[in-house]
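**Q**
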Amino acid sequence: MIVVVSDLHLGYKESDTAAFTSFVSDYVSKELCGEDHFVLLGDIFDFWRRRNIEPLLEHQGVLTEILGLDAKVWYVVGNHDYYMLKIRERFPEYYVFDLRKNLRLADGGNRFFFTHGYELDVLANYEPLTIENYEKICESLCRAENILGKIMSRLWGLRKKLGKPPEKRKSWRKLDIDKLEEFACSNVRNIFLGMRNDEKLVFGHTHRPFIREDTANTGSWVRSPQRYNTFIEIKNGKMKLKKW
Numbered sequence: 003m004i005v006v007v008s009d010l011h012l013g014y015k016e017s018d019t020a021a022f023t024s025f026v027s028d029y030v031s032k033e034l035c036g037e038d039h040f041v042l043l044g045d046i047f048d049f050w051r052r053r054n055i056e057p058l059l060e061h062q063g064v065l066t067e068i069l070g071l072d073a074k075v076w077y078v079v080g081n082h083d084y085y086m087l088k089i090r091e092r093f094p095e096y097y098v099f100d101l102r103k104n105l106r107l108a109d110g111g112n113r114f115f116f117t118h119g120y121e122l123d124v125l126a127n128y129e130p131l132t133i134e135n136y137e138k139i140c141e142s143l144c145r146a147e148n149i150l151g152k153i154m155s156r157l158w159g160l161r162k163k164l165g166k167p168p169e170k171r172k173s174w175r176k177l178d179i180d181k182l183e184e185f186a187c188s189n190v191r192n193i194f195l196g197m198r199n200d201e202k203l204v205f206g207h208t209h210r211p212f213i214r215e216d217t218a219n220t221g222s223w224v225r226s227p228q229r230y231n232t233f234i235e236i237k238n239g240k241m242k243l244k245k246w
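Heads up, the final residue of the sequence shown is numbered 246 in the working numbering, and it's a clean run with no missing numbers.
1) Is the distance from the Cβ of Gly-36 to the Cβ of Asp-72 below 9 Å?
2) Have a look at Phe-185 and His-11 and give me their C-alpha separation to the nearest angstrom.
3) Do Val-204 and Phe-116 count as a contact pair if the criterion is CB distance below 9 Å?
4) Are Leu-243 and Phe-194 closer than 9 Å when you measure CB to CB?
5) Sort Met-3, Trp-223, Glu-91 and Val-190 by Cα distance to Asp-109 and report the nearest one.
6) With distances taken between CB atoms, is the gap from Lys-39 to Trp-76 smaller than 9 Å?
7) May I ask you to report which of helix, strand or coil DSSP gives Val-190?
8) For Arg-51 and Ala-146, I'd like the C-alpha separation in whole angstroms.
9) Would you tell me roughly how many angstroms separate the C-alpha atoms of Ala-218 and Phe-114, rounded to the nearest one?
10) Would you call the CB atoms of Ser-226 and Asp-45 closer than 9 Å?
11) Could you check whether Gly-80 and Thr-23 sit closer than 9 Å to each other, using their CB atoms as the reference points?
12) Could you pull the DSSP bridge partners for Lys-1 from this structure?
13) What's the gap between the Cα of Arg-106 and the Cα of Glu-56?
Here is the structure:
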């Protein structure tokens, strides 16, 4: 079995830390063992809004429990915790997480491709900005500390909003997410993500959970008017969207 979560944004005031802690203690630790997989699909910690060490210190309890799971734990970085890759570079022989930009796993005869989703966002909405340049921006924001990271995060959204015609500004983010999801659910994704034709895609980033035959979004654990505290469970090759 594979359990996938993303967009916890631990360290951010709207992150539902209590719910996630109970989820790990009462579900993940009891349901997963041995050959099972627990996938942390990016934006687990929010380094844009906080100094890197602060979210980790504040959540060392649940972090310790995750690292002690009797299952394989994978960490796929997102845009808000991209700096984790830089930290790992200092320790090439060993690192506490199996850290990467994307992940391939199989379950029940089906193949799955896991990525946070910021690549989809860049390709669908930020052109001519390249993924490589976006990653450099993300790395910088992860090191911008409390105030600057928060300001830059807001300015990034403001720039996008003001760049649209007035009649579209009210729903600018929804339009961006719609375009991203259309791209994510198309076969064109295989060309830009390097996916195989028989792989199913699981991603996060948008905080908008959904599931289709070969595509799923994990949602988030950030309090909002939308559905939150969601995750993807893969069992016997079948994906299910669940809420804690």
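Using N, Cα and C, we set each Cβ at its ideal position, and we do this for glycine too.
**A** Once the coordinates are examined:
1) By 1-based counting over the sequence shown, the position of residue 36 is 34. By 1-based counting over the sequence shown, the position of residue 72 is 70. Closer than 9 Å, so yes.
2) Walking along the sequence shown from the start, residue 185 turns up at place 183. Walking along the sequence shown from the start, residue 11 turns up at place 9. Taking the straight line joining both Cα atoms gives about 25 Å.
3) Residue 116 sits at position 114 when you count from the first residue of the sequence shown. Residue 204 sits at position 202 when you count from the first residue of the sequence shown. Yes.
4) For the purposes of this step, residue 243 is identified with residue 241 of the sequence shown, where counting begins at 1. For the purposes of this step, residue 194 is identified with residue 192 of the sequence shown, where counting begins at 1. Going by C-beta atoms, Leu-243 is not nearer than 9 Å to Phe-194.
5) As a position in the sequence shown, residue 109 is number 107, starting the count at 1. Answer by Cα proximity: Met-3.
6) Position 37 of the sequence shown, counted from the first residue, corresponds to residue 39. Position 74 of the sequence shown, counted from the first residue, corresponds to residue 76. According to the sequence provided, residue 39 is His. The question's Lys does not apply to it. For His-39 and Trp-76, yes; Cβs fall inside 9 Å.
7) Within the sequence shown, the letter at position 188 stands for residue 190. Three-state DSSP puts Val-190 in coil, outside helix and strand.
8) Position 49 of the sequence shown, counted from the first residue, corresponds to residue 51. Position 144 of the sequence shown, counted from the first residue, corresponds to residue 146. The alpha-carbon atoms of Arg-51 and Ala-146 are separated by roughly 8 Å.
9) Working through the sequence shown from its first residue, we reach residue 218 at position 216. Working through the sequence shown from its first residue, we reach residue 114 at position 112. The alpha-carbon atoms of Ala-218 and Phe-114 are separated by roughly 10 Å.
10) Looking up residue 226 in the sequence shown gives position 224. Looking up residue 45 in the sequence shown gives position 43. Cβ atoms of Ser-226 and Asp-45: not closer than 9 Å.
11) As a position in the sequence shown, residue 23 is number 21, starting the count at 1. As a position in the sequence shown, residue 80 is number 78, starting the count at 1. It is not a contact, given that the beta carbons lie outside the stated cut-off.
12) Any question about residue 1 goes unanswered here, given that the chain covers just 3 to 246.
13) Your numbering for residue 106 matches position 104 in the sequence shown. Your numbering for residue 56 matches position 54 in the sequence shown. Their Cα atoms are separated by approximately 31 Å.
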